[in-house]
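These notes are about the structure you will find just below.
Residue numbers (my numbering): 103 to 553.
Structural data, given as structure tokens:
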């Protein structure tokens, strides 16, 4: 067996991780020992073997990397894109099928992390390089590449602060890609022109200058008569990891219709209101929310900050280029409860940005989305496992704290995404509950950020 080929036993363990949330959580927990310190590779290997899988941690990481490089399974989801800084095509990966603006791609292949297709049987070409989560630290990968790296305890922090910006504020954590995209009959671009991510891109003011150069029509398709793909004017190459920040709350400014889950199904609320203004202020039921927290598209607040309610929501962007979803526009899904009430165990509030046409109704519609919280959870496990195997000394401890900080965000997001599709009737809602194990709940009581 070569160093780059995972063993059959490692692949078997990885398959078990994919199908068993409880095993996945237990594996995640094995990364710390009984003293709550970073476990050694040998300790994690011992735990794996105690579960009946005769393989090593290093081999499991190889199996994970192999899956990321050669299959679409880890990358399923809805990707918003930017094509040279403007809105690009909406790309969806589901059940190993790739669609672009609703049209299935024929002959898509994945090789060494590159998703490709050609215009021989499609209207476009693409060479897209998929990446793991980013935003934990701009220089973390470089630091990990050197065994001589040393970092003082005060130089870097796992959570960004005004005095210490080691981590990117409101970092985007999730799957993303960058690469080349061009329409049939157009010349192949000479540099990266497309980047994609799940969720909204940050506002243009926070993007690299090169990404705002030479904007193109918002449909994501330039004038085909020009027979060329617009290119940035200021840089020879585009960033290879895309914007590192997630969206800000003001980007979701709108007044939302609130739908409430009831025993008889999903019912539009006549009383509940949910408003985000253009400065990022949040008002729920006419009451201004104190200290709302918005990180990686997850919005939450607590009664401990002086509010009369609790909220835990994932914001979702369903605005697409050249195609409307069944329910278009900004949306949210999550849990709401007032002080003194029992915290809901499943999502009970769903919100839809109010359309311009007041007569429009979303009755009997369903959220049109593809979510893959398991994949993002797996990214976290892979990255943390990589830190255990590669990290040394103080660098490892910093990296560990940084990844753990990001991990709490992922666990919160993971929980919010459970039952994220509003059921058309109570039976559907119950079936959704029965089919979705409570993966990640062991970490739900963790604070939003570790100090």
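Idealized CB from N, CA, C, for every residue including glycine.
Proximity below 9 Å, CB of residue i to CB of residue j
i	j	result
residue 210	residue 218	yes
residue 283	residue 230	yes
residue 183	residue 176	no
residue 350	residue 398	no
residue 409	residue 378	no
residue 153	residue 128	yes
residue 303	residue 361	no
residue 396	residue 418	no
residue 300	residue 179	yes
residue 437	residue 407	no
residue 134	residue 147	no
residue 112	residue 490	no
residue 364	residue 375	no
residue 124	residue 150	no
Burial state of residue i (16 or more Cβ within 10 Å)
i	result
residue 277	buried
residue 394	buried
residue 144	exposed
residue 188	buried
residue 483	buried
residue 485	buried
residue 193	buried
residue 110	exposed
residue 295	buried
residue 381	exposed
residue 199	exposed
residue 416	buried
residue 444	exposed
Which residues DSSP lists as bridging residue i, in chain order
i	result
residue 452	361, 435
residue 227	284
residue 356	378
residue 199	196
residue 279	232, 298
residue 396	401
residue 367	364
Three-state secondary structure (DSSP) of residue i
i	result
residue 284	strand
residue 114	helix
residue 543	Only weak support is given to the placement of residue 543: the predicted model assigns it a pLDDT of 32, under 50, and the value that follows is read from those uncertain coordinates. If DSSP states are grouped into helix, strand and coil, residue 543 belongs with the helices.
residue 192	coil
residue 174	coil
residue 166	helix
residue 147	helix
residue 554	This structure leaves residue 554 out entirely; the chain is present only between 103 and 553.
residue 184	strand
residue 152	helix
residue 120	helix
residue 213	strand
residue 206	strand
residue 408	coil
residue 391	coil
residue 259	In this prediction, residue 259 has a pLDDT of 36, which is less than 50 and means its spatial position is unreliable; nothing more can be read from the coordinates.
residue 179	strand
residue 427	Legend: pLDDT at residue 427 = 43, less than 50; position of this residue unreliable, value from coordinates given subsequently. If DSSP states are grouped into helix, strand and coil, residue 427 belongs with coil.
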